[in-house]
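Protein chains: 2
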Amino acid sequence: MVNSQLGTEEKILEAAKKVFHRKGYEGARMQEIADEAGINKALLHYYFRSKEKLFEAVFEDALSGIMRLVSTIFFSDKPLKDKIQSFLCSYLNIITENSYIPWFIINGIYERPEQIKAIFDKQDINPLQLMKLLKSQVRKEYGVDINPFQIWLNVLSLSVFPVIAKPLVREIFRLSEETYNQLMEERKELVPELIINALKAYEKGEN
Amino acid sequence: MVNSQLGTEEKILEAAKKVFHRKGYEGARMQEIADEAGINKALLHYYFRSKEKLFEAVFEDALSGIMRLVSTIFFSDKPLKDKIQSFLCSYLNIITENSYIPWFIINGIYERPEQIKAIFDKQDINPLQLMKLLKSQVRKEYGVDINPFQIWLNVLSLSVFPVIAKPLVREIFRLSEETYNQLMEERKELVPELIINALKAYEKGEN
DNA sequence: GTCTATATTGTGATAGAC
DNA sequence: GTCTATCACAATATAGAC
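Sequences listed follow chains A and B, in order.
Residues 1248 to 1454 (the numbering used here) are what the first sequence spells out, left to right.
Residues 1248 to 1454 (the numbering used here) are what the second sequence spells out, left to right.
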């Protein structure tokens, strides 16, 4: 049950986030969202018309959140290593309270590719700008020319995958919640070093 | 429509793979599987009794495939870098024809945690054995003591995430299928180097 | 705006003929 | 073993009272 201080629309949105984040579009049930919000199904349709529209609102919220985080950090003027570390820390802290979001976003494009593509088209942040910046920053700080998409894939992979695969990895190796969180904590140092080391190695190889 | 040379049970299983891999449990429809197999719904139940059981067969197949690949490569006696590279190459080649499998497996534990845990319990390969081997191999080859889980997380992250996130990344940056595949091809060299560089850097730092 | 009741369709599963 | 027909129920969505 969601905080009853909120207006009805907000209550619905908060409930919908909880359910969609956890179950995805196909797995989510309007009834469950209504229960979670402490209202009945009819009101969901009164405010959002359809499951599809409600999902859209939830997805847009999650997407804009992560995009805002990325652009705030990576369009700043800190050294690259600091950016990567800030991103990782902020990301992991957000995820602590909302660990289903990364899966939810990736899952979205598998479940509803057309709808999600339309949502992306509405975003105003230009991701190619970020790649340009990344490329020039690497050239300036490390004196090497590297495909920025590869660096970005590395950053995302090392940051996001361990969060998404957490339930699976925990099950495979029988790791406690605590043990796994400890691993993630260590990665806040380890991942930036890994990526920067690679750039430095490249730097030496080039000269 | 699946190859009509196969027996009915095999036809069903192949059709079920196609549909479940692509849509997951919740998104899949028994009707669609029947159509894909060129038979009717009743036969699905005749052979597999329920959607749950059919899903179980498909999931076990996918899981045992990837586990067999991992253990074949990592329990061999090649140098670590060769193992990582072999894994990445084999993995990416398999994925080329079956690009939904990584998502399907991770998604499974979000959609059906209890069922998937039971399937894991039936697997006979011991993953902790692999971590022990990894740890001792790193100590022998690089003279450093590192938490093998971190190394393994890095290998998996850098190999698997770019496959899972492919539809999303392609959409965000408007990359063609061809361009993205080219990126992946480059990673067959890039990723092993990245991981090995990190170990070498650690080696120097320790001495 | 919010509720109850209901329409409508989708979907897993089974019965029973052949 | 395979099919058609159908059940039983779940799920989205709407009608209409208050």
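Yeah, the Cβ is synthetic: ideal placement off N, Cα and C, and Gly gets one too.
- Message: Strictly below 9 Å CB to CB, what residues from chain A border Gln-1397(B)?
- Response: For Gln-1397(B), the chain A residues whose Cβ falls inside 9 Å of its Cβ are Leu-1430, Glu-1433, Arg-1434, Leu-1437, in order along the chain.
- Query: Looking at the C-beta of Ile-1342(B), does it have a partner C-beta in chain A at a distance below 7 Å?
  - Reply: Cβ-Cβ to chain A under 7 Å: no for Ile-1342(B).
- With a threshold of 16 other CB atoms inside 10 Å of the CB of Arg-1386(B), please say whether the residue is buried or exposed. So Arg-1386(B) ends up on the exposed side.
- Sorted by chain position, which residues of the same chain lie with C-beta nearer than 6 Å to Met-1248(B)'s C-beta, five sequence neighbours on each side aside? Note that Met-1248(B) scores a pLDDT of 49, beneath 50, so its modelled location is shaky; the value from the coordinates is reported in the next line. Closer than 6 Å at Cβ, skipping near neighbours: Gly-1285.
- Query: Quick one, which of Glu-1450(A), Tyr-1347(A), Glu-1361(A) has its alpha-carbon nearest Gly-1390(A)'s?
  - Reply: Per the Cα distances, Glu-1450(A).
- In the structure shown, what three-state DSSP assignment does Val-1410(A) receive? If DSSP states are grouped into helix, strand and coil, Val-1410(A) belongs with the helices.
- Query: Is the shortest distance between the beta-carbon of Ala-1309(A) and the beta-carbons of chain B less than 7 Å?
  - Reply: No, Ala-1309(A) lies away from the interface with chain B (no Cβ there is under 7 Å from its Cβ).
- Reduced DSSP secondary structure (H/G/I, E/B, other) of Asn-1287(A): Here Asn-1287(A) sits in coil by DSSP.
- Task: Would you list, in chain order, the members of the stretch 1350–1367 of chain A that have their beta-carbon closer than 8 Å to a beta-carbon of chain B?
- Result: From the stretch 1350–1367 of chain A, only Trp-1350, Ile-1352, Ile-1353, Asn-1354, Ile-1356, Tyr-1357, Glu-1358, Pro-1360, Ile-1363, Lys-1364, Phe-1367 have a Cβ closer than 8 Å to chain B.
- Message: Measuring only the C-alpha atoms, how far is Gln-1252(B) from Gln-1332(A)?
- Response: Going by the C-alpha atoms only, they are around 55 Å apart.
- Item | Three-way DSSP call (helix, strand, coil) for Phe-1396(B) in this model | Helix, per DSSP.
- Item | Own chain, CB closer than 7 Å to Lys-1328(A), minus 5 neighbours either side, in chain order | Non-local C-beta neighbours of Lys-1328(A) in its own chain, meaning closer than 7 Å and more than five positions away in sequence, comprise Pro-1439, Ile-1443, ordered along the chain.
- Message: At the level of alpha carbons, what is the spacing between Ser-1323(B) and Leu-1316(B)?
- Response: The straight-line gap from Cα to Cα measures roughly 11 Å.
- Task: Measuring alpha carbon to alpha carbon, tell me which of Pro-1414(B), Val-1407(B), Ile-1259(B) ends up nearest Ile-1341(B).
- Result: By alpha-carbon distance to Ile-1341(B), the top candidate from Pro-1414(B), Val-1407(B), Ile-1259(B) is Val-1407(B).
- C-beta contact flag for Pro-1349(B) and Val-1266(B) at 7 Å: Result no, Cβ atoms of Pro-1349(B) and Val-1266(B) do not sit closer than 7 Å.
- Query: Taking buried to mean at least 16 other C-beta atoms within 10 Å of its own C-beta, is Gln-1370(B) buried or exposed?
  - Reply: Classification for Gln-1370(B): exposed.
- Message: Using CA atoms only, rank isn't needed, just tell me which of Lys-1413(A), Gln-1384(A), Glu-1361(A) is closest to Val-1325(A).
- Response: First, the residue type needs correcting, since residue 1325(A) is Lys and not Val in the sequence shown. Comparing Cα positions, the closest option is Gln-1384(A).
- Item | N- and C-terminal bounds of the alpha helix (DSSP H) containing Phe-1321(A) | Where Phe-1321(A) is concerned, the enclosing alpha helix (DSSP H) starts and stops at 1298–1321.
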